[in-house]
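Student:
Protein chains: 2
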Amino acid sequence: MLTILRLNHRKKRDKRITTHCALVARAFGADKFVYTGDEDKAFEKGVKAVVGQWGGNFSVKYKKNAKKFLKEQNKKTIVNLTMYGLPIQNEINKIRKNKGLTIIIGGAKVPMDFYRLSHYNISITSQPHSEVMALGLFLDRYFAGRELVKRFKNAKIRIIPHSCGKLVKKGL
Amino acid sequence: MLTILRLNHRKKRDKRITTHCALVARAFGADKFVYTGDEDKAFEKGVKAVVGQWGGNFSVKYKKNAKKFLKEQNKKTIVNLTMYGLPIQNEINKIRKNKGLTIIIGGAKVPMDFYRLSHYNISITSQPHSEVMALGLFLDRYFAGRELVKRFKNAKIRIIPHSCGKLVKKGL
Chain H
5 MLTILRLNHR KKRDKRITTH CALVARAFGA DKFVYTGDED KAFEKGVKAV VGQWGGNFSV
65 KYKKNAKKFL KEQNKKTIVN LTMYGLPIQN EINKIRKNKG LTIIIGGAKV PMDFYRLSHY
125 NISITSQPHS EVMALGLFLD RYFAGRELVK RFKNAKIRII PHSCGKLVKK GL
Chain C
5 MLTILRLNHR KKRDKRITTH CALVARAFGA DKFVYTGDED KAFEKGVKAV VGQWGGNFSV
65 KYKKNAKKFL KEQNKKTIVN LTMYGLPIQN EINKIRKNKG LTIIIGGAKV PMDFYRLSHY
125 NISITSQPHS EVMALGLFLD RYFAGRELVK RFKNAKIRII PHSCGKLVKK GL
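Those protein sequence lines, which keep their order, are chains H and C. Mind the numbering: the first sequence is residues 5 to 176 in my numbering, read in order. Mind the numbering: the second sequence is residues 5 to 176 in my numbering, read in order.
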């Protein structure tokens with residue numbers, strides 16, 4: 005089970021970024037998206053609609069207390085994605101040996117407690133960019149690129165790749 | 005020269021997503037970020053502030069007319085990132101032979117004209133996710149992971165990777 009924990013979602017400011025994080029999580033092979041901060045039913049509904057159309061078992065859930073949630077994950081390896089952490093390219097082989105992971109993504113100011121609660125603090129470059137990208141690249145390296153050809157079960161819609169057009173199969 | 009062309013930026017709705025796209029472009033090795041749609045000085049200022057602090061020569065520029073801009077790029081290979089395109093893993097070796105690239109990223113509805121103006125229409129999975137991620141993963145594959153260790157010249161601030169803390173060098 006691969007779970008993403010998105011810290012401190014702010015309904016107004018973060019809606020699209022958190023949605024992008026969740027869709028990247030799903031497309032790149034995670035199973036579950038847990039978020040804290042503001043509860044946001046519109047965000048959840050949007051993600052669930054994508055799952056309904058495009059398939060798979062990806063789920064999204066609100067939790068009030070991030071630390072409590074992490075402590076309940078006590079058999080799983082916790083990875084905190086932060087620009088201050090150790091480079092992914094040096095650590096991923098070790099991390100990949102763990103089957104269950106909880107991956108933390110936050111905003112600008114994640115309290116040090118989360119660094120200490122994590123087994124790994126991992127950076128995707130040490131430059132400022134995006135939690136959307138950090139999460140996706142982590143999953144890409146974790147799955148060693150295999151996620152790019154992942155098929156989703158129970159899809160109602162599927163794209164047939166094309167060199168110059170839009171080819172969509174519907175009503176599968 | 006690696007240029008990103010972000011189509012149809014909407015000042016209110018896209019500010020953070022476009023900012024994430026620009027920061028990913030910079031961190032993952034692109035040189036220039038051109039955008040169309042609403043001109044947005046606050047967005048430009050934010051990106052320029054990051055470049056000023058974290059180094060490198062990344063530039064950001066508004067253009068009114070995307071097609072005109074693309075036609076001026078006539079010696080460069082144009083890549084359109086779209087979930088409908090051919091899978092990156094099958095095409096990247098061919099694309100990598102081109103030194104200059106202009107990479108188009110759009111929103112939901114990119115007109116077919118841009119598909120036809122492009123030499124390659126490329127998908128990063130055929131699932132809905134994020135232009136932030138599509139762009140970053142494209143650059144990652146184009147540079148074959150070397151971008152993860154890129155050093156930025158003239159940086160005033162630099163992070164020293166750490167297993168459990170924040171180590172920052174300032175005033176370089």
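We put the CB at the ideal spot given by N, CA and C, even for glycine. If you're wondering where the values come from, they're calculated on a predicted model, not measured in any experiment.
H/Pro165 touches chain C at which residues, Cβ-Cβ below 8 angstroms?
Tutor: Result: Tyr88, Gly89, Leu90, Pro91, Ser127, Ser130.
Student: Since H/His133 meets chain C, which of its residues come closer than 8 angstroms, beta carbon to beta carbon?
Tutor: Correct list: His24, Leu27, Val28, Arg30, Ala31, Phe32, Gly140.
Student: Give the secondary structure of H/Asn97 by DSSP, where H, G and I count as helix, E and B as strand, and everything else as coil.
Tutor: DSSP places H/Asn97 in helix when its eight states are reduced to three.
Student: Along chain C, in chain order, which residues have C-beta atoms closer than 8 angstroms to that of H/Gly41?
Tutor: In chain order: nothing, as chain C lies at least about 16 angstroms away.
Student: Taking the DSSP output, what are the residues bridged to C/Ser127?
Tutor: According to DSSP, C/Ser127 bridges with C/Pro91.
Student: Cβ of C/Ile21 less than 8 angstroms from any chain H Cβ?
Tutor: Yes, because at least one Cβ of chain H sits closer than 8 angstroms to the Cβ of C/Ile21.
Student: Where do the ends of the beta strand (DSSP E) carrying H/His24 lie?
Tutor: Careful: H/His24 lies outside any beta strand (DSSP E), inside the alpha helix (DSSP H) at 15-31.
Student: Let me know the secondary structure DSSP gives H/Arg162 once reduced to three states.
Tutor: Strand.
Student: Check each residue of the region 109-124 of chain H: if its Cβ is closer than 7 angstroms to any Cβ of chain C, include it; give the result in chain order.
Tutor: If the cut-off is 7 angstroms between Cβ atoms, the region 109-124 of chain H has Tyr119, Arg120 near chain C.
Student: Using 8 angstroms as the Cβ pair cut-off and three pairs as the minimum, do the region 102-111 of chain C and the region 75-86 of chain C touch?
Tutor: Cβ pair count under 8 angstroms is three or more, so yes.
Student: At what residues does the alpha helix (DSSP H) containing H/Gly41 begin and finish?
Tutor: Careful: H/Gly41 lies outside any alpha helix (DSSP H), inside the beta strand (DSSP E) at 36-41.
Student: Go ahead and label H/Gly169 buried or exposed: buried means 16 or more other beta carbons lie within 10 angstroms of its beta carbon, across all protein chains shown.
Tutor: Counting Cβ neighbours within 10 Å, H/Gly169 comes out exposed, since fewer than 16 surround it.
Student: Applying a beta-carbon distance threshold of less than 7 angstroms, which residues of chain H neighbour C/Asp144?
Tutor: Correct list: Leu141.
Student: State the beta-bridge partners of H/Arg10 as determined by DSSP.
Tutor: Paired residue(s): H/Tyr39, H/Ile109.
Student: Using a threshold of 8 angstroms, state whether the C-beta atoms of C/Gly175 and C/Lys154 are closer than that.
Tutor: No; because the gap between Cβ atoms is not below 8 angstroms, this pair is not in contact.
Student: Quick one: Cα of C/Ala138 to Cα of C/Leu85, how far?
Tutor: For C/Ala138 and C/Leu85, the distance between alpha carbons rounds to 7 angstroms.
Student: Below 8 angstroms between beta carbons: does that hold for H/Pro115 and H/Met87?
Tutor: Going by C-beta atoms, H/Pro115 is not nearer than 8 angstroms to H/Met87.
Student: What does C/Thr81 pair with, by DSSP beta-bridge criteria?
Tutor: Answer is C/Leu105.
Student: Can you tell me which of H/Leu171, H/His123, H/Arg10, H/Phe62 puts its alpha carbon nearest to the alpha carbon of H/Ala31?
Tutor: Considering only alpha carbons, the answer is H/Phe62.
Student: Give a yes or no on whether the C-beta atoms belonging to H/Val136 and C/Ser130 are separated by under 8 angstroms.
Tutor: Cβ distance not < 8 angstroms, so H/Val136 and C/Ser130 don't count as in contact.
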